[in-house]
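Numbering (the numbering used here), first residue to last: 7 to 358. Think of the CB as a built atom: it goes at the ideal place given N, C-alpha and C, for glycine as much as any other residue. Since the structure is predicted, the reported quantities are computational estimates derived from the model, not experimental observations. Okay, structure first, notes after.
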Ligand code: NAD
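This is the structure:
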């Protein structure tokens, strides 16, 4: 008789502390670069995945979402929230954790924090879309919304797409200052701007990454010149957008999963029949991306479950041979599989 779980039922768990150790061991920009390749590889096998819009539970001030997917071999889900008012009370807007499981047995393969992992995968996804769609010779990145996601966005764009010059704007001057300090320390050329208009001046790529649960207008039509690529990633909920509708009408729009983006993305401002292109098709060469130097391309990124799947698979491989996880006893493991009751009773005997 054993009261201890056997190794086969223990599940690797990556805590926030261990995630930070892992990222430092590998190097943040190396993690972002590897994650970018993993996200793109999985986009390119899009038909292999089960896809449903995420399951969202809305309240007046935020949302809690479950994001499941499977490629038939592995299953993943993420629990994630979005509460823009949280930062006022010292809490984060977005936190997450998630799980990867083996489809053949249904047993978990990995349980992990996903707040940091989400920042990495969201930055990697922007980098994938930007690589496919940005104008030739792009160097300058305008980043509007300088919160938790922002440094990761800027660093992924530098390491993957060579955007070493970044122009920052946020309605909170303290957020600009923090982001600028961090990015200068990482070697980026940073310009702190007093308005969104100033930030987009001379930019080839614009990323909007703000948090406000309303139809916001971070960019107006006059601010977006010909040839720009935009990543709009902060508008990711019904009633929460960042771009003026006129920008959408002048842009070629690229999305992850149209069924989810029409509910949550910038395109909720358009009719259900407005044409959009699925990013995976561009990556696979099945649909055109940027066709000319004057075209405005818009990646209406809301975050999709396959990106979390990619992040979890990357992590499972990354922890191999390192000391960056613990083993958790979260799966019952009776000696005889059907004797769950017997396992419980034997444990009781040990307690008395
Ligand atoms: P955060 O709260 O840490 O940062 C948001 C920043 O936006 C804050 O600094 C705030 O001052 C600024 N801001 C708000 N309104 C603004 C405005 N009008 N102009 C300029 N700046 C403004 O949030 P975060 O974790 O960085 O997330 C940013 C957004 O990205 C959130 O809306 C979040 O839901 C979204 N998000 C999307 C994805 C995705 O996959 N698409 C993933 C993660 C987060």
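| query | result |
| --- | --- |
| Secondary structure of residue 6, DSSP reduced to three states | Residue numbering for the chain in the displayed model covers 7 to 358; residue 6 lies beyond these limits and cannot be assessed. |
| CB contact flag (residue 133, residue 162, <8 Å) | yes |
| Residue 243 (DSSP reduced to helix, strand or coil) | strand |
| Residues of its chain near residue 85, where Cβ-Cβ distance is below 7 Å and the 5 sequence neighbours each way are ignored | 72, 102, 103, 104 |
| Alpha helix (DSSP H) runs wholly inside the segment 163–194, at least 4 long, in chain order | 179–191 |
| DSSP state of residue 113 mapped onto helix, strand, coil | coil |
| Buried or exposed (CB count within 10 angstroms, at least 16 for buried), residue 23 | exposed |
| According to DSSP, residues forming a beta bridge with residue 87 | 70 |
| Residue 332: first and last residue of the uninterrupted beta strand (DSSP E) it sits in | 332–334 |
| Residue environment, residue 270, which counts as buried when at least 16 other CB atoms sit within 10 Å | buried |
| Boundaries of the alpha helix (DSSP H) in which residue 5 is found, first to last residue | The question about residue 5 has no answer, for the chain in this structure spans 7 to 358. |
| Coil, strand or helix - residue 152 by DSSP | coil |
| Within 8 Å, strictly: CB atoms of residue 215 and residue 240 | yes |
| Residue 157 burial status per 10 Å Cβ neighbour count (16 or more: buried) | buried |
| Cβ-heavy atom distance, residue 91 to the ligand NAD, below 7 Å | no |
| Residue 122 beta carbon less than 8 Å from that of residue 25 | yes |
| Top-ranked residue by Cα proximity to residue 244, from 275, 262, 252, 256 | 275 |
| The ligand NAD heavy atom lying under 7 Å from the CB of residue 100 | yes |
| When 16, 17, 31, 15 are compared against residue 328, the one with the closest alpha-carbon | 31 |
| Beta-carbon contacts of residue 257 that lie in its chain and below 6 Å, excluding the five residues immediately before and after | 302, 304 |
| Element boundaries [beta strand (DSSP E), containing residue 234] | First-last for residue 234: undefined, no H or E at that position. |
| Any alpha helix (DSSP H) of 4 or more consecutive residues that is wholly inside the segment 30–63 | 34–49 |
| Residues near residue 334 in its chain [Cβ-Cβ closer than 7 Å; skip 5 each side] | 16, 17, 19, 117 |
| Validate contact between the segment 311–330 and the segment 246–254 using beta carbons, cut 8 Å, 3 pairs | no |
| Residue 233 beta carbon less than 8 Å from that of residue 300 | yes |
| Under the three-state DSSP convention, the category residue 10 falls into | Residue confidence is low: residue 10 scores 49 on pLDDT, short of 50, so the model does not pin down where it sits. Its coordinate-derived value is still stated next. If DSSP states are grouped into helix, strand and coil, residue 10 belongs with coil. |
| Which residues DSSP lists as bridging residue 212, in chain order | 148, 236 |
| Span of the beta strand (DSSP E) around residue 225 | 221–225 |
| Reference residue 165, options 340, 35, 343, closest by Cα | 35 |
| Contact belief for residue 79 with residue 109 at Cβ below 8 Å, rounded distance in angstroms | 6 Å |
| Buried or exposed (CB count within 10 angstroms, at least 16 for buried), residue 191 | exposed |
| Pairwise C-alpha distance: residue 289 and residue 282 | 15 Å |
| Straight-line gap, residue 10 to residue 222 (C-alpha atoms, nearest Å) | Confidence is the limiting factor: at residue 10 the pLDDT is only 49, short of 50, which leaves the residue's position unreliable and the question unanswerable from this model. |
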